[in-house]
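This report refers to the structure that appears directly beneath it.
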Amino acid sequence: MNTDPIADYLTRVRNAIKANHRVVEIPASNLKKEITKVLFEKGYIANYKFEDNGPQGNIKVALKYHPITKISAIRSISRISKPGLRKYAGIDNMPRVLNGLGIAIMSTSKGVMTDKEAKQLNIGGEVLCYIY
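Residue numbers (the working numbering): -14 to 117.
Quick look at the structure:
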């Protein structure tokens, strides 16, 4: 049993980048699927595919690298709100990742989105992770 599935997801992606893998396979959940969609929309991953095999299913994530320098599009990916200490952000104290160059993925009442989208919708929520 895994106590923090989001941290496991981020660690699998981080380890795959360090090992220069093209594709990483992750056990699926609804929250992980939404995080994967946000990463794809913002251009941090090349592609993704949801596979429904068994009760849980898998997410296949194709990582994105620069064609010449082979540097990953994701420089850093870190978990912020942990099961032992949840971090919430309202409109007033919305996080700025790398002075606005990175994104913070947030879980809000309107779904999983980036910090900029949450600010436009004027809602706060739980800060899941920082990516840049």
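Cβ coordinates follow ideal geometry from the N, Cα and C atoms, glycine included.
Is any heavy atom of the ligand ADP found at a distance shorter than 7 angstroms from the C-beta of SER14? This structure lacks the ligand ADP; in fact it carries no ligand of any kind.
For ARG64, three-class secondary structure by DSSP: strand
Use the C-beta contact count for ILE53: other C-beta atoms within 10 angstroms, 16 or more gives buried, fewer gives exposed. exposed
At the level of alpha carbons, what is the spacing between MET119 and LYS18? Only positions -14 to 117 of the chain appear in the structure, and residue 119 is not among them; the question remains open.
How many angstroms separate the CA atom of GLU36 from the CA atom of VAL46? 11 angstroms
Residues sharing a beta bridge with ASN15, DSSP: ASN15 pairs with nothing; no bridge assigned.
Given LYS2, which residues of its chain have a CB within under 7 angstroms of its CB, disregarding the five upstream and five downstream residues? The amino acid occupying residue 2 in the given sequence is Ile; Lys does not appear at that position. Taken in chain order, the residues that qualify are LEU48, SER57, ILE59.
Cα separation between VAL23 and ILE116? 11 angstroms
Rounded C-alpha distance that separates ALA(-8) from GLU102: 23 angstroms
To the nearest angstrom, how far is it from the Cα of ASP100 to the Cα of GLY39? 34 angstroms
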